[in-house]
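Chains as they are written, first to last, in the working numbering: chain X, 2 to 90; chain Y, -4 to 565.
Every residue, glycine too, gets a C-beta built ideally from N, C-alpha and C.
The block underneath contains the structure these notes are about, expressed in C-alpha cells.
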C-alpha cells in the first residue's frame, strides 16, 4: 500500500499570486472578460447577478448553462486563452 | 462569428505589419515564419495582402512583453492570458501583444533551431542518439567548449548531422552588439556577473554584456532561452538542478508538489529548502503560429466566436494540421469579401501538349523530350500542385523551372503562364542526377550550371562538363550543397548554402574575396535557411518549405506567399 499523499502548499518566491478561491477566480474572470460590466454599462441597471453572468459566460463558451460555478465552468476559466474580452469591447 | 461593434475593419486591403521585438524562446527566423504563416491563414481566404515593414508605423505592430508592457491590460505570468490584440484603427488599434512569460514554441515542445554545424540550420531532433545514449535535450557531451549541441536526425552516429543550440555563449539577439556572444564575467555598475541577468531592467528580459565591461563599452544583447531553462519563478533561464531537495525530500524530476495548480516545477539549485530558487519546467509550450493567427483575426476586425473549433474561439487548443474553420472564413469574408483562394485548390490538369512546343524558339537546340500525350489521370506524385517543396526552382531561358526527384516542370513566360510537365531531367540533361539542389543560367555564354550535393555540371547545349567538385570553384569542402543562386550583374552569381552565401565570378571561375557573407545580414527579413533562391521578373525569391519571401530591388520583402498558389498558380 502506498502512503497516503500529504499535500502541502508552499508560497513560492517570485510566483505571480494565483492562489485565490474559486469564487474570487470566477469574479475576476467574469469582470475581466466583460460578462459583468456589459449589462451594467448597457442597461444602466445594477450589476447583473453572478448567476446571470455565469450563464452568459457558459453560453459563450459552449458549456451547459447552469448559472452555477460548477466544475466544467471552473475548468474553462482555468484554460489558457486570449486576453481580449468576450463581450462588451 | 462576431465582429467588433461598428464592424471595425481596415479601410485598405494592403495591410502592413512590423515585428518590434522577439521572444528569447525561438530563433527570430522561426518567429518571422510563424507570423508570416499566421497572416497567410487570412490572406488565403480574403483579398488582403500583408506586407512586413522594418521601420516606421505599420497597421499591425507586433511585440512581446511581460506583465505591464505599456498598455492598460497587463499580462499575468505563465499560462492564463497568452496574448491580446486590438481591433483595426489608428495608434494602438490593430496591434498584437504576446505574453513573453509564456513558453513560445511551435506547439510541440521547444523548437530548437541550430546554428553552424553541418545541418544548415535544421531543427534539433529529439530524442537523438549519441555514442549509445539517447538525448532529449541539447548536450555539451563530447565537447570541451561547453557549447550545447544536438543532432538534427535521430542518430548522430549514423548521420553525423548536428548544429549548435541557442546559447548565450554562441549569440545574443536584439541589443546593440549585432548578435555577438556574451562575455563572462562582465562588469555592470561595478558588479561582476557570470551569467545573464535581469538586473537593471524592469521588463524581466535576461541580458549580458558582449565585452568584459558594460560600464565602459555599453554593448549588450539579450540572451536566447536554452531549451532546458525554466520559466518564470525566480530563476528564469537557469536549468533545473537534479536531484534537488524540497521539504526534506529528494526529487530527480520536476514535481507539482507544493503547488495547488498542478504545474510542474523544479529547483535550480541542489536544495530548494536552502536557496528557494525555482522555476516552471519546460513544457510543450504554446504554438506562436496558432495564437498569432487568432490575434491577427482580432487585428483584422473579428471578435471572439462561440464555435469551439473556430480559430476565433477564445481558448487555446493545439491543433496539429490547422485549417481555418468555416465560421472564421465567413467572418473575415463578411468584413473583406471572398478572397483569392476561397475554395480548396484543384489539382492541376496534366499538360497534353506534345513537345516540342512549336511556338518555342530554341536557340540551343535544347528541347524537352517528347512525352506521350495522355488523357489518363495524372499520377498524383507527378502533379506539381501536390508537392510541398521542390529541390530547386530556377529560371532557364526566361521560364521558371521547378525540379523535384528526377522531374521538372516549367512555367511559360509568354502566354498565360501555363505550367507544363513533368519532364524527365535525364531526358533533357542525361548527365545529371535526379536531385538538383540549385541551377543557374550564365546568360553571357548560355551555359547552364547545375549543382547536386558537392558536385556541379555545366551544360552548353547538349555538351556537358562534369561532374566536378564544387571545391574547384573555390568553395570550402565543408559545404554540403548549394541551395540557391542569384545572378548579380554580368558574370557574377551569388551561391547560397546554409546561412551564408558566396559570390562566384563566372568568367574567372572562382569565388570573390570577402565571402562568405551571412545571408540575413545582406538580405534582411527572409529565412536564412531558404532551400531555393532565385530571381524572377525583377524580384528575388527565397523559398522555405511551401512558402516564398519575395524581395524587391530595394531589398525589402514585399510579399510572402505560397509557392503553390502564386508561382505554380495551382
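Residue 442 of chain Y has its alpha-carbon roughly 8 Å from the corresponding atom of residue 456 of chain Y. As computed with DSSP, residue 530 of chain Y is found in a beta bridge with Y:535. When Cβ-Cβ separations below 8 Å define contact, residue 10 of chain X makes contact with chain Y. Below the 9 Å Cβ cutoff, chain X contributes no neighbours of residue 288 of chain Y, its closest Cβ being approximately 11 Å away. Residues of chain X with a Cβ closer than 7 Å to the Cβ of residue 201 of chain Y do not exist; the shortest Cβ-Cβ separation is about 14 Å. Taking all protein chains shown into account, residue 67 of chain X has fewer than 16 neighbouring C-beta atoms within 10 Å of its C-beta and is therefore exposed. Within chain X, no residue has its beta carbon less than 9 Å from that of residue 463 of chain Y; the closest one is some 56 Å off. At a Cβ-Cβ threshold of 8 Å, residue -2 of chain Y and residue 329 of chain Y count as neighbours. Neighbourhood of residue 87 of chain X in chain Y, by CB distance below 7 Å: 299, 309, in chain order. Judged by DSSP in its simplified three-state form, residue 251 of chain Y adopts coil rather than helix or strand. Assignment of residue 33 of chain X by DSSP, reduced to helix, strand and coil, places it in the helix class. At least 8 Å separates the beta-carbon of residue 199 of chain Y from that of residue 275 of chain Y. Using a Cβ distance threshold of 8 Å, residue 18 of chain Y and residue 95 of chain Y count as a contacting pair. Distance from the Cα of residue 142 of chain Y is smallest, within the candidate group Y:458, Y:126, Y:153, Y:162, for Y:162. Under the 8 Å criterion on CB atoms, residue 20 of chain Y is classed as non-interfacial with respect to chain X. Around the C-beta of residue 100 of chain Y, 16 or more other C-beta atoms lie within 10 Å, and the residue is accordingly described as buried. Within the region 23 to 82 of chain Y, the runs of beta strand (DSSP E) that reach at least 3 residues and sit entirely inside it are, in chain order, 44 to 48, 55 to 60, 76 to 80. The residues 518, 520, 521, 534, 535, 536, 537, 552, 553, in chain order, have a CB closer than 8 Å to that of residue 546 of chain Y in the same chain once the five nearest residues on each side in sequence are set aside. Restricting attention to Y:502, Y:483, Y:512, Y:528, the CA atom closest to the CA of residue 496 of chain Y is found in Y:512.
Exposed is the label assigned to residue 503 of chain Y, since fewer than 16 other Cβ atoms lie within 10 Å of its Cβ. Chain-order list of chain Y residues neighbouring residue 62 of chain X: 301, 303, 308, 309, 310, by C-beta distance under 9 Å. The Cβ neighbour count for residue 309 of chain Y, taken over all protein chains shown within 10 Å, is at least 16; the residue is labelled buried. Pairing residue 74 of chain Y with residue 174 of chain Y, the inter-Cα distance amounts to about 29 Å. At a Cβ-Cβ threshold of 8 Å, residue 105 of chain Y and residue 277 of chain Y count as neighbours. By the Cβ-count criterion, residue 244 of chain Y is exposed, with fewer than 16 other Cβ atoms from all chains shown falling within 10 Å of its own Cβ.
Secondary structure in the region 257 to 282 of chain Y: the alpha helix (DSSP H) runs of 4 residues or longer, each lying completely within the stretch, are 267 to 270 in chain order. For residue 382 of chain Y, there is no enclosing beta strand (DSSP E), as DSSP marks it with neither H nor E. Leaving aside the five residues that flank residue 103 of chain Y on each side, the residues in its chain whose CB is nearer than 7 Å to its CB run, in chain order, 279. In this structure, the beta-carbon distance from residue 390 of chain Y to residue 529 of chain Y falls below 8 Å. Those residues of the region 246 to 273 of chain Y placed with their C-beta closer than 8 Å to a C-beta in chain X are 252, 253, 254, 255, 256, 260, 271, 273, ordered along the chain. Under the Cβ distance rule, residue 281 of chain Y counts among the residues neighbouring chain X, one pair being separated by less than 8 Å.
Taking the beta carbon of residue 316 of chain Y as reference, no residue of chain X falls within 7 Å; the closest one sits roughly 21 Å away. Between the C-alpha atoms of residue 84 of chain X and residue 321 of chain Y there is a straight-line separation of about 23 Å.
For the set Y:61, Y:425, Y:397, Y:160, the Cα lying nearest the Cα of residue 432 of chain Y is the one of Y:397. With respect to the 8 Å criterion, residue 306 of chain Y and residue 295 of chain Y are not classified as neighbours on the basis of their beta carbons. Using a Cβ distance threshold of 8 Å, residue 178 of chain Y and residue 205 of chain Y count as a contacting pair.
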